[in-house]
Structure formats: structure tokens, C-alpha cells
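For the sequence shown, numbering that gives the first Met the number 0 assigns the number 479 to the last residue and increments by one with no breaks. A virtual CB, placed ideally from N, CA and C, is assigned to each residue, including glycine. Values in this document were obtained by computation on a predicted structure and should not be read as measured data. Everything on this sheet refers to the single structure shown next.
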Amino acid sequence: MHRREFCKETLLTGAALSGAPLLKAANLFSLQDIIDVTPLRGNRFVTLCIMIRTSPWEVSRDVKLMKRDEGFAHTLEVVRNMRNAFAKNNPNGRLTWGFTLNALEDKRANYVDIRKYVVDCQHQYGDEVSYFPGYFPAMYLPRERINREMSEAIQIIANMVGRRYRPDCIMGGFLSANNLAYLAEKEDIHVAHSVIWSQHEVDGGGADGSISYPYYPSTEHFCKAAQDKSDFIDCVSLDGWSVDFLNATVSGTVHGTTPYNGASSRRGVGPIETYGDWGLEIGNLSVMHTQSLHFDRGFELNGFGWIPNIWEAALAKIPERNNSWWDDTFAYRAMETWVGSTLKRWPDVKFVTFGEYGKLWRKQFKNNDAINYRFEEKGLGIGSSWGNEEIRWFMNKDFRLALLRNWHKNTPQKVIDFTRYDLPATEPADPSPEHPVKDWSLMNSINQKGLRPQDTPVPIKELKEDEKALIYKHYPELFK
């Protein structure tokens, strides 16, 4: 069994050593010790992953959807500056590094230097070193190949970091139920970033239909919550970044200038869609508003709060938008702004790795039976987060449900999403680079994107009798 070890100070206060490697310190504790003394409930968490790649839209070694070499944007200086920006206001925080297979194997000096630096960060700060299986591999690669390449990458990381290290989480984007079962059963990895909640027709594909907070996936479909032992996968499914709930109701086919974006539909904490589009001041309003949904009212409703986020190291050198404010220092300033503003408003926030957070959740929840996530939002008033709208979300093992109303006019609430997990579900067949399968969304009764005739919003009391009975079992107060 592998171990990651931290000194007593790190365990009790979250502070990392600033000097010698942790294994040389006295009073060593394993990662499991940290899990044991840090409860999920009563705490606020942020998980950040920084992606290291060799090209945009890199799916695998030989599958690259864009032929741009990003070696110039991946240097030791860039990566070090980005982590220093993360640590400037947050010296005790830990993050996750996600490497593509090419970035793990590239022999150029800059990638060699980056890998050495990240290993040092793991030894010194307890950062997680993980695998990023390219951009949405489930859309382009057969399941068996994804599994094989995950095993290859995990072994490369283990050899690279040494000290019996293995990642606790795989940063997968979309990973099929088969891939998640493989991680749990063959690799003994029980956490994966495997969904991007609400994504539809963004970045060339989508997988709307999951719960936005952690859950155990079903063997039928990775967006579906497992119903019982017969379809249970012991690999906690994590979201990649928090999205403003009102922005999330928009499909990428409606907003956005290309099939690869649709920024309005996924604005929240993402750096491109917030700081990149609006600059530091207004962008930070969007980020802080989204985080408040989880750390303020969401914390009251759920007993804990969580914000996942993903940044690409390439953002430091490649402006994704033609904005005058995005220069070579902008990504670092944005990172400092985000982290500093977060800790100023919620000083108790813990910046942990994706693997640490998944293990904390897994300790609290042994199955999906006790899941009951609730969220409430009144729009920020910018982007598609309309200031006159109020949305309420209810998420559990059986379904997810969203209610929307105009709170300025005090209109009745209507159901805009009712995705049932008690119904059978099927994933697409294996794709290939030549014949990709873009849409893995789980849509049945009503979907928040409103793209089908059956997605027309309806009052909750106009649902079918069996649907109302299912909702009533969990939330009888909705029918008063």
C-alpha cells in the first residue's frame, strides 16, 4: 500500500514544510491520518487542478484535435509562477497537477524541468500528481484503450515521484462507467474527476445530467447515481469546476460563437469564462458569487461546501480571448485575486487536492442513500445569470430537480429539470478518433437546457403522478 506522509504541523494546521522534504521530518503522518481528523461536514473546501499538456485538445499520444505545439507556453518559469501565485495568499494550500500522457513523456528540457519541479512540490507541499487523459477521451477513444493508457500513466507517475507514490484521483473530464469501474477494481483508485456538470454542446460535446456534488456512479451510465449494490461503482465521481446555476441552464448551442465554447453556459469559477472575458474586477464578481452559493447558503443547507476548479498552465502565455488586459502576467494576477478573495471572505476554506477531498467524501458516504444536496441562487445580474431569476436545486440518489421563478414578479416556481436516476440508462457504444461520439448526456424527463419539446417548464403539480410521488418521498414541502 502506498503512503504519502506529512509532518504533524501539516496534519493539524494544514501548514506545509518550507524546507526539507517531508519524509525527513519527525512525527510523520500518512494521508489517511489527515482524512481521519478532517471531517467533511462543517468545512469548506476548494480543489484546484493545474493542467500540463503539449497541445490544446490533446486526447492521447497520437490523437490531437488541434496541431498547435504549446511547448513555448510550458516552461519552468510559467509553472513555478502559477504555483507561487496560488501560494502567495495561501501558503498552506495543496493542489493537484494533471499531466497528459504526452506531457509525462515529452523529453524536451522544459517538460523535464516541469516534471522535476512538480515532484518537488509533491514532496515539499503534499501536492497531488495525477493523470489527465486528454480532452474528453470518452468521446474519441474505445474504453479499453482509455483503461490501458490510464494504467500506463499511473505507472509513469509512480516511477517519476517515487516513494511508493500513486495518485488518489484521476482527472478524467468524461470517463465512462467502464473506465471508473476499471480504476476502482484494477488500479485501487476510488476518486475521479469524471463529469463536468451541466455541460452540453460546449468544447465540442457534452454530458449533462449528473449531480454536481460527489456521488457513486452507476454501471449503466457515468452520469447516473448508483441505485444499489447491483449497479454500484466504488469510484467517487467529482465535478471539474463550479458553474453559476443560472448560467448552466444555457446550452452551448445557444450562446457562444463556436462549437468549442459557449462561455455563458459554464461561467462560474472558470478563469477563461470569468477573468478572461470580463477582467479582474467584474470576473471576480462572478467567481465570488458562484462560490457564495456553496459557501454561504449552500453551507447552511448541506453542512459543507465545495468548489472545484481547473486552470491550464498554458493560460499564462496563450490569451484565449483577445482582451487588452490579458498579458503575460494576467493569469498570475487572476490566480492571486481568486485565492486571496476567497480566503478573505471565508478564512476557514481548506485548499486540498482532488484526491484528498474525494477520500473525505468517501469516508462520510458509503453509498448514495444519504445524498441530499440543495442549492438556492438569485442571479448575479451579468452574463446569463439573470438578476430577476431564482433557481432552486434538489439532488439525491433518485433524481435531480430544478425549480425556476421570476422573484421580481413573484411568479410561481416551475420545473426546468427533472432527471431521474431510477430509470434505465445506456451509454453510447465505443467511439474512435474517426467516428467520435460527442453527446454523452443523460436526459430523460425534463432537461434544464430546454432544447426538446418535453423540456417545457411546468408547475410541479402538473407532473405525472409517479413523478410527483417520487419527489414527494424526498421533499413533501414542495407540494404545500
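If I measure Cβ to Cβ from residue i and keep anything under 8 Å in the same chain, skipping five residues before and after, which residues do I get?
{"i": "GLN54", "result": "What sits at residue 54 in the sequence shown is Ser, not Gln. Here the set comprises LYS63, MET65, LYS66, ARG67, ASP68, GLU69, ASN101."}
{"i": "PHE298", "result": "ARG43, GLY304"}
{"i": "ASP368", "result": "LYS396"}
{"i": "GLY278", "result": "ASN322, TRP324"}
May I ask which residues mark the beginning and end of the alpha helix (DSSP H) holding residue i?
{"i": "THR425", "result": "Premise fails: THR425 is in no alpha helix (DSSP H) and is neither H nor E."}
{"i": "PHE353", "result": "353-363"}
{"i": "TYR331", "result": "329-344"}
{"i": "GLY269", "result": "Careful: GLY269 lies outside any alpha helix (DSSP H) and carries neither H nor E."}
So, under 8 Å CB-CB, residue i and residue j are touching, yes? Tell me the CB distance rounded to an integer number of Å.
{"i": "VAL118", "j": "VAL160", "result": "5 Å"}
{"i": "GLU388", "j": "ASN409", "result": "Rounded, the Cβ-Cβ distance is 12 Å, inconsistent with contact."}
{"i": "SER263", "j": "ILE381", "result": "Contact doesn't hold; Cβ gap of about 10 Å is too wide."}
{"i": "GLN412", "j": "LEU402", "result": "4 Å"}
{"i": "LEU245", "j": "SER384", "result": "4 Å"}
{"i": "ASN366", "j": "TYR215", "result": "6 Å"}
{"i": "ASP416", "j": "ILE370", "result": "About 17 Å separates the two Cβ atoms, so there is no contact after all."}
{"i": "LEU47", "j": "ASN308", "result": "5 Å"}
{"i": "LYS448", "j": "THR218", "result": "Rounded, the Cβ-Cβ distance is 26 Å, inconsistent with contact."}
{"i": "ASN443", "j": "TYR372", "result": "In fact, because the Cβ distance is near 19 Å, the residues do not count as touching under 8 Å."}
Under 6 Å from any heavy atom of the ligand ZN, does the C-beta of residue i make it?
{"i": "MET50", "result": "Judged by which ligands are present, the structure shown has none, so any question about the ligand ZN falls away."}
For a test of the three-state rule: what should DSSP assign to residue i, helix, strand or coil?
{"i": "TYR471", "result": "helix"}
{"i": "ASP416", "result": "strand"}
{"i": "TYR116", "result": "helix"}
{"i": "GLY208", "result": "coil"}
{"i": "ALA102", "result": "helix"}
{"i": "HIS122", "result": "helix"}
{"i": "LEU379", "result": "coil"}
{"i": "TYR164", "result": "coil"}
{"i": "TRP277", "result": "helix"}
{"i": "MET442", "result": "coil"}
{"i": "GLY70", "result": "helix"}
{"i": "THR95", "result": "strand"}
{"i": "ILE169", "result": "strand"}
{"i": "THR9", "result": "Residue confidence is low: THR9 scores 40 on pLDDT, short of 50, so the model does not pin down where it sits. No coordinate-derived value is stated."}
First and last residue of the beta strand (DSSP E) that includes residue i?
{"i": "LYS87", "result": "Segment 75-87 is the alpha helix (DSSP H) holding LYS87; no beta strand (DSSP E) there."}
{"i": "GLU482", "result": "Outside the displayed span of the chain (0 to 479) sits residue 482, for which this structure offers no information."}
{"i": "ASN387", "result": "Element bounds for ASN387: n/a, residue is neither H nor E."}
{"i": "PHE44", "result": "43-51"}
In chain order, what residues of the same chain lie with their CB nearer than 7 Å to the CB of residue i, ignoring the 5 residues before and after it?
{"i": "SER17", "result": "Here the model assigns SER17 a pLDDT of 29, short of 50, so the residue's position is not dependable, and the following value carries that caveat. So the list is empty, once near-sequence residues are dropped."}
{"i": "LYS316", "result": "PHE71, ALA72, VAL77, ASP327"}
{"i": "ASP429", "result": "PRO141, ARG142"}
{"i": "THR74", "result": "ASN109"}
{"i": "ALA206", "result": "PHE173, VAL194, ILE195, GLN198, CYS222, TRP439, SER440"}
{"i": "SER567", "result": "In the structure as shown, the chain starts at 0 and stops at 479, and residue 567 therefore has no counterpart that could be examined."}
{"i": "TRP56", "result": "LYS63, LEU64, MET65, TYR134"}
{"i": "PRO475", "result": "none"}
{"i": "THR37", "result": "LEU359"}
{"i": "ARG114", "result": "MET159"}
{"i": "TYR259", "result": "At TYR259, the pLDDT of 38 sits below 50, so the modelled position is not reliable; the number obtained from the coordinates is stated separately. Closer than 7 Å at the Cβ level, and outside the excluded window around TYR259, lie ASP202, GLY203."}
Might you give, ordered along the chain, the residues of its own chain that have their beta carbon closer than 6 Å to the beta carbon of residue i, omitting 5 neighbours on each side?
{"i": "CYS234", "result": "LEU179, LEU182, ALA183, HIS189, ALA191"}
{"i": "HIS473", "result": "ASN395"}
{"i": "GLY282", "result": "THR273, TYR274"}
{"i": "ARG296", "result": "GLU375"}
{"i": "ALA330", "result": "LEU314, ALA315"}
{"i": "GLU311", "result": "MET50"}
{"i": "GLY236", "result": "The displayed chain sequence assigns Ser, not Gly, to residue 236. Closer than 6 Å at Cβ, skipping near neighbours: SER193, VAL194, TYR214, PRO216."}
- Query: Hey, is the region 238-252 in contact with the region 193-204, meaning 3+ C-beta pairs nearer than 8 Å?
  - Reply: yes
- Message: Closer than 8 Å is the cut-off here; do at least three beta carbon pairs connect the region 347-367 with the region 84-101?
- Response: yes
- Query: Do the region 220-228 and the region 270-287 meet, that is, are 3 or more Cβ pairs less than 8 Å apart?
  - Reply: no
- Query: Are at least three pairs of beta-carbons, each pair with one atom in the region 332-339 and one in the region 71-85, less than 8 Å apart?
  - Reply: yes
- Query: For the 8 Å Cβ check, are there 3 or more pairs between the region 129-138 and the region 436-456?
  - Reply: yes
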